[in-house]
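A short worksheet on the structure shown next.
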Amino acid sequence: MFKKIFAVLMIMVFLLVSIGVVLAAEGKGNARKGKYLFRKNCRTCHSENGSAAELSPISKTQADWQKVFDNYKQLECKAEWDKLSDQDRLDMYEQLYGHAYDSPSPAKCK
Amino acid sequence: MSASSKPTISRRSFIKLSGAAAAAAAVGGPSRVLHALVSGNEEGAGVAAREMFSACDMCFNKCGLIARVEDGVIKKLDPNPHSLKSRGMLCARGNAGIKQLYDPDRLKYPLLRKGGRGEGKWHRLTWDQALDHAAEQMQRIGETYTRCGFLFMAGTDMQSTFVHRFAEAYGSYNVISHESNCLLSRNRAFLDTFGVVPTPDVLHSKYIIMPGANRFEALVTPDSMDLMTAMQGGCKLVVLDPRFTKTAALADEWYAIKPGTDMAFFLAIAQVLISENLYDEKFVAEKINGLDEFKAHVAQYTPEWAEKETEIPARDIRRMARELAAAAPAAMIYPGRRSSDYTDSTQIRRSFAIVNALLGNWDREGGLIVPKKIKTGSIYHDAPFYEDNPEDRVDAGRAQMMFDEEGSFKHTRDAVIEGRPYPIKGWLTYKTNPMQTGANRNKTIQMIDHLDFMMSVDIVMSDTAWMADLVLPAPSYLERKDPISAFLASSSCSGVITRDPIVPAMFESRPVFWIVKELSKRLDLTESFDFTIDDFRKAQLEKLPEVVTALKNEGVYNITGPSYGIHEGKPFKTKSKKIELFNSRYVENGVDPMPVYHPPQPVPRDHFRMVVGRNAFITQSASTNNSLLWELQNENSLWIHPKPASNLGINHGDRVEVVSPAGRGRLKARVTEETRPDTVYMDTGFGVISKGLSNIFGKGACIAEILEDHADSVSGNMAMHETFIRVRRV
Amino acid sequence: MKQSTPKKYGIVIDGSRCIDCKACMIACKVENDVPEGMWRNWIRPLQNVSGKQKSEFQPGQCMQCDDPSCVAACPVGATYKQADGLVIIDPKKCIGCGNCVSACPYGARYRNPAKNIADKCDFCQHRLKRGEEPACVITCPTKSRIFGDLNDPTSEVSRLVSEGKLVRVIAPHINTRPNIYYREGTRLLDWAVTPTLPGNIHMPAEFWE
Chain A
380 MFKKIFAVLM IMVFLLVSIG VVLAAEGKGN ARKGKYLFRK NCRTCHSENG
430 SAAELSPISK TQADWQKVFD NYKQLECKAE WDKLSDQDRL DMYEQLYGHA
480 YDSPSPAKCK
Chain B
8 MSASSKPTIS RRSFIKLSGA AAAAAAVGGP SRVLHALVSG NEEGAGVAAR
58 EMFSACDMCF NKCGLIARVE DGVIKKLDPN PHSLKSRGML CARGNAGIKQ
108 LYDPDRLKYP LLRKGGRGEG KWHRLTWDQA LDHAAEQMQR IGETYTRCGF
158 LFMAGTDMQS TFVHRFAEAY GSYNVISHES NCLLSRNRAF LDTFGVVPTP
208 DVLHSKYIIM PGANRFEALV TPDSMDLMTA MQGGCKLVVL DPRFTKTAAL
258 ADEWYAIKPG TDMAFFLAIA QVLISENLYD EKFVAEKING LDEFKAHVAQ
308 YTPEWAEKET EIPARDIRRM ARELAAAAPA AMIYPGRRSS DYTDSTQIRR
358 SFAIVNALLG NWDREGGLIV PKKIKTGSIY HDAPFYEDNP EDRVDAGRAQ
408 MMFDEEGSFK HTRDAVIEGR PYPIKGWLTY KTNPMQTGAN RNKTIQMIDH
458 LDFMMSVDIV MSDTAWMADL VLPAPSYLER KDPISAFLAS SSCSGVITRD
508 PIVPAMFESR PVFWIVKELS KRLDLTESFD FTIDDFRKAQ LEKLPEVVTA
558 LKNEGVYNIT GPSYGIHEGK PFKTKSKKIE LFNSRYVENG VDPMPVYHPP
608 QPVPRDHFRM VVGRNAFITQ SASTNNSLLW ELQNENSLWI HPKPASNLGI
658 NHGDRVEVVS PAGRGRLKAR VTEETRPDTV YMDTGFGVIS KGLSNIFGKG
708 ACIAEILEDH ADSVSGNMAM HETFIRVRRV
Chain C
3 MKQSTPKKYG IVIDGSRCID CKACMIACKV ENDVPEGMWR NWIRPLQNVS
53 GKQKSEFQPG QCMQCDDPSC VAACPVGATY KQADGLVIID PKKCIGCGNC
103 VSACPYGARY RNPAKNIADK CDFCQHRLKR GEEPACVITC PTKSRIFGDL
153 NDPTSEVSRL VSEGKLVRVI APHINTRPNI YYREGTRLLD WAVTPTLPGN
203 IHMPAEFWE
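Chains as they are written, first to last, in this note's numbering: chain A, 380 to 489; chain B, 8 to 737; chain C, 3 to 211.
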């Protein structure tokens, strides 16, 4: 009986996961490049002494990063985002989502 | 000082600490320095004495110390009473620190290999020659094999952050920490249960089960001292260990558990807690995810079943579960530190984490806590991106859920030997000694054979440096200016510490910061290193003036205030935002979402399981050659039970040969009932190959030579207790 | 600094706190430049491998006895009792005969092979002069040793002594009146030996029990 419950649970979990990561399903980003792009494009402002709130992958949960990327057109710095290619955004997503504070591999360095 | 007001803290240490604090306030400045000058005058006789704060580096703990210097020579290292983390103590290794500084075996200038690797023939270089050579090799390897063709490995050190920064600037993400030979399984398990790796509030605990950990020998501050204080106040300690360690010797109860069966014990504890409704229902309802699944899962794991696996009587397991519950939430399963034991170590540690969760000790006094940590500033750098680099780490995919920023030494080594998925041809090691600590030394040698260039930065000619092509001399911690280091301890004793040189660096030794900065100039990466340590510290402490003052006056900054009850109502950093008894991410990664017990491999006939560890005067391989500590122990021995020893004709003190599929070693037998008949034990840190370690060369056997290199399937942590060996008298 | 009553230094040792980490031994060795292979202090173990009863580790060192047999055994007056209770060796007078080494019931003395003189713990007299506690006391992770002035009724050692839950390790037939006290319940009480005194030495009558 337990095995049955378990199987059902597994299926549910898979479903949840696949819904959650729609963006990633479009193609895989390169987290390494994403780290570089994030620093180059975002950290100028989003840093300790910058003009915007300091940001690193562990500033947000995976769900929050997901929201940011889904709705970047509503952000104040939309213009900066628009300069990036789809692939660039995917790379950044891979890095930030993959190392978010509730991810299995939370980022250690900034 | 808030921890000191707790009734459980030793009154004596309270008096000491507050007395010291009062003295400092009265003097109003670097009290120790002033005090020394006054008494120096009293004693007269022209000895220029001064005393300076620093942080010990004989192991990873960073205990506060005060160095007494007379006529430019460090005479004595004393504990810094202001250091709450170290509870105003300095252990044997801390006291022996001056022999790391004044050691005739120290590396004195850069050395280039002349003969074959490991032959020990060297050619002295100037620093310019050495750095030019290293930069040339790094440039060539980066161009030929991509930047990821160069591997970086730095041990626990306040300057290791610069090695990581250098690796990033250079463009390699093949960076391994020492952690995968140490504690990754524990980190994996607790992170995947609680969303963060907590620290145990030993000081206020009333009931502690300590599986495998040996806190009275493998000292961790403040846990080791707090454990004694807690026990003096009535805390009960139960030790599960196949070996009669000093922790076992001082425990209320010791069980020589059958090695590799700890999970069976804790699943049975969980089964009792659940079947007898001994858990805090409100806590569970609010904070735990997957209780129903877990209930169904553990029903099968009764104490009677566990008795057969663990060899611990069912009635004792049941009793301990009830006692734990009665003491909860000030009760804990001690999470432990080194967890490089079994191929399912993450799952074993998950069972520890889950019992803690059921005890409701999260964020509670005497339970598992996550104290506040000071957030220091930093100097950012924009590391370049190299388009030709491969997509991922060389060890990616070899474990189910590896930590991206830690990697796995075992899997990286395999990848280097196989040349897959891409070749690695260069290696920089700093203050880490995988030749001694990474199981299967012959494989490490094989790995090095596949390299074009290997360089080691170290204080002495460690076994790893011995195998290198270029060896660069580093100063000891007493001669160095280090960045600020914020540390997380427990029970309101987290804090910040730093180091300034107490005496100038001896010989031609140079700190690794200087080395990577010089290399960055030669590799055109200066942007990442356009600062001094002082600049770096300034950035770190820019917004923390109170830390600056405390470091100046007391040599340490202690974080005060409660360290528990501070996360109430906040979501857990897990996927379900709750404590995960059932981990759905594990399912995604093909890992059992709840710990499923698999019995350990049975010990084959005429074999023994080998386990390893250390005592309070050994820091793995980093301290055994220290001439003071060497007086306490100048070789290791094989602990073997009298029964099998007599069957093998082995007497106490006989020389024996230990043989495993990985290698062999010879050492003295210590025939003792302090280990199980099916288990032998050996200390780390001996059997060296480096003739540069003159005190211990030729003494004892090396664990890394004998142990096979199994790995924890989830984290990639080395699994060092999965080796079966044979013993014979020689 | 008022010093109306003379000091009398003593140590109370709580063996139940000791974890046998050897910090005190290395601290002493460094502080006092004790040569290789020699020790001024020690940790004595009582191991119960059964795990049924806790083991005990008992630290120790020169007990700065009030009736020191070592002082009596010294033919040249090189070792003497100070007003503050410390038993001291004058390196200029010591001839290295070794009489005091065998005269100590506690094995607390050794002959320094480099200097050819007797040596032992002096509670880090030089540190006391600087206002610091002995090296072994201050460095101990679990604070097994409590150091203080037995003549100061407000000191912790005096308080513990007056509570009376302490014992002293006494050699058979001889009580040198040691100033190191152990917490009651210590099971390591029978290790002191009847000292070997040179034939021409006469100890006071109350010395022998």
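Heads up, the beta-carbon is just placed ideally off N, CA and C, and yes, glycines get one too.
Quantities reported herein were computed from a predicted structural model and do not represent experimental measurements.
- Listed along chain C is no residue with a C-beta nearer than 9 Å to that of B:E412; the closest approach is about 32 Å.
- The closest CA to that of B:S583, considering only B:D199, B:L234, B:E412 and B:Y214, is found on B:D199.
- Its Cα nearest to that of B:H388, the residue B:Y177 stands out among B:Y177, B:V362 and B:N447.
- Using a C-beta cut-off of 8 Å, the segment 516-528 of chain B makes no contact with the segment 587-598 of chain B, since fewer than three inter-stretch Cβ pairs fall below that distance.
- Contact check for C:G87 and C:Q66: beta-carbon distance about 5 Å, within the 8 Å limit, so the pair qualifies.
- In the structure shown, B:F272 adopts helical secondary structure according to DSSP, grouped into three states.
- For B:N590, the secondary structure class from DSSP, reduced to helix, strand or coil, is coil.
- The C-beta distance from C:C138 to C:C64 rounds to 11 Å, too long to meet the 8 Å contact threshold.
- Residues of the segment 25-39 of chain C that bring their beta carbon within less than 8 Å of a beta carbon in chain B comprise A25, M27, I28, A29, K31, V32, E33, E38 and G39, in sequence order.
- By the 16-neighbour rule on beta-carbons within 10 angstroms, B:V227 is buried.
- Nearest CB-CB separation between A:K462 and chain B: not below the 9 Å threshold.
- For B:A403, the three-state secondary structure derived from DSSP is coil.
- Collapsing the DSSP output to three states places B:I491 in coil.
- Residue-level contact check: C:D121 does not touch chain B, since none of the beta carbons of chain B fall below 9 Å from its beta carbon.
- Identification of residues in the segment 61-93 of chain B having a C-beta nearer than 9 Å to some C-beta of chain C yields K82, K83, L84, D85, P86, P88 and S93, given in sequence order.
- Residues of the segment 381-393 of chain B with a Cβ closer than 8 Å to any Cβ of chain A, in chain order: G384, S385, Y387, D389, A390, P391 and F392.
- As a beta-bridge residue in DSSP terms, B:F157 pairs with B:G433.
- Ranking B:E715, B:E372, B:E712 and B:F693 by CA distance to the CA of B:G705 puts B:F693 first.
- In the displayed model, B:F693 falls within coil according to three-state DSSP, outside both helix and strand.
- Within 7 Å of the CB of C:Q49, the CB atoms of chain B belong to A256, in sequence order along the chain.
- Taking a C-beta cut-off of 7 Å against chain A, the contacting residues of the segment 397-408 of chain B are E398 and M408, listed in chain order.
- By the CB criterion at 9 Å, C:K56 and C:S18 fall inside the cutoff.
- Residue burial annotation: B:T254 is buried, with at least 16 other C-beta atoms found within 10 angstroms of its C-beta.
- At a C-beta separation below 7 Å, C:I140 has these neighbours in chain B: D85 and P86.
- Judged by beta-carbon spacing, B:M461 lies within the 9 Å limit of B:I455, meaning their Cβ atoms are closer than that value.
- By the neighbour-count criterion, in which a residue is buried when 16 or more other Cβ atoms sit within 10 angstroms of its Cβ, C:P174 is exposed.
- Residue state for B:Y484 is assigned as helix, using DSSP reduced to three classes.
- Annotation for B:S634: the continuous alpha helix (DSSP H) segment containing it runs S634 to L639.
- Excluding residues up to 5 positions away in sequence, K115, Y116, P117, W134 and P480 lie with their Cβ nearer than 8 Å to the Cβ of B:E515 in the same chain.
- With a threshold of 16 other beta carbon atoms within 10 Å, B:V603 falls short and is exposed.
- Under a criterion of Cβ atoms nearer than 7 Å, the residues of chain A adjacent to B:K582 are, in order, D481.
- Between B:N296 and B:E587 a beta carbon distance of about 5 Å is seen, short of the 8 Å cut, so the two are scored as contacting.
- Rounded to whole angstroms, the Cβ separation of B:L108 and B:W434 is 28 Å, and the two are not in contact under 8 Å.
- Neighbours of A:R411 in chain B, taken as residues at a C-beta separation under 8 Å, are given in chain order as Y180, F392, N396, E398 and D399.
- The alpha helix (DSSP H) runs of length 4 or more contained entirely in the segment 572-620 of chain B are, from start to end of the chain, 591-595.
- When the five nearest sequence neighbours on each side are left out, the beta carbons in the same chain lying within less than 6 Å of the beta carbon of C:N50 are those of S57, in order along the chain.
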